[in-house]
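In my numbering, the protein residues as written are 37 to 191.
Beta carbons: idealized from backbone N, C-alpha and C, even for Gly.
It should be emphasised that the depicted structure is a prediction, and the values quoted were computed from it without experimental measurement.
Structure, rendered in structure tokens:
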């Protein structure tokens, strides 16, 4: 499990760098052939982890439920994020992997509601959710790299 936590931290650091290094106006551009923007992808992976780990374990997520609802699966960017949301996401990116590791080591993930992902993978434990989360992070990282190339080409 330790390696999975390390990989998650590295990926979160990449997401944080994209968030902090991208001009704010580009964070909210929806490129042609896409239905969301860079910021939505970053916030989405963050809140998805909270749902996969905490909500499926019948625990209260450590991020605000309004943020989770706004960027969960099935949502789309409806408006530019507030400065407060941007700050919350930026601050949470390095923290959430540490929280999950600590909570896992404390043994708080006692129960888990099986969940079938949109890719057809059924998760039966928090360990499986933590493993699958790396796939989800990688998928959205690839999407974001594509978006960055499109934004660069149109600049």
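- Ranking 79, 72 and 44 by CA distance to the CA of residue 112 puts 72 first.
- Annotation: residue 98 is outside any alpha helix (DSSP H) and is labelled neither H nor E by DSSP.
- Each of 76, 134 and 149 was checked against the Cα of residue 41, and the nearest Cα belongs to 134.
- For the set 64, 68, 110 and 70, the Cα lying nearest the Cα of residue 84 is the one of 110.
- When DSSP states are grouped into helix, strand and coil, residue 124 belongs to the helix group.
- Look at residue 151 here: in three-state DSSP terms it is strand.
- Residue 158 carries a strand assignment under DSSP once its states are collapsed to helix, strand and coil.
- Taking residue 168 as the centre and dropping the five residues before and after it, the same chain places the C-beta of 88, 153, 157 and 159 closer than 8 Å to its C-beta, in chain order.
- 173 is the residue among 181, 173, 178 and 185 whose C-alpha sits nearest the C-alpha of residue 44.
- Exposure of residue 94 is indicated by the presence of fewer than 16 other C-beta atoms within 10 angstroms of its C-beta.
- Rounded to whole angstroms, the gap between the alpha carbons of residue 81 and residue 188 is 23 Å.
- In the three-state DSSP reduction, residue 182 falls in the helix class (H, G or I).
- Within the model, the alpha-carbon separation for residue 119 versus residue 142 is close to 34 Å.
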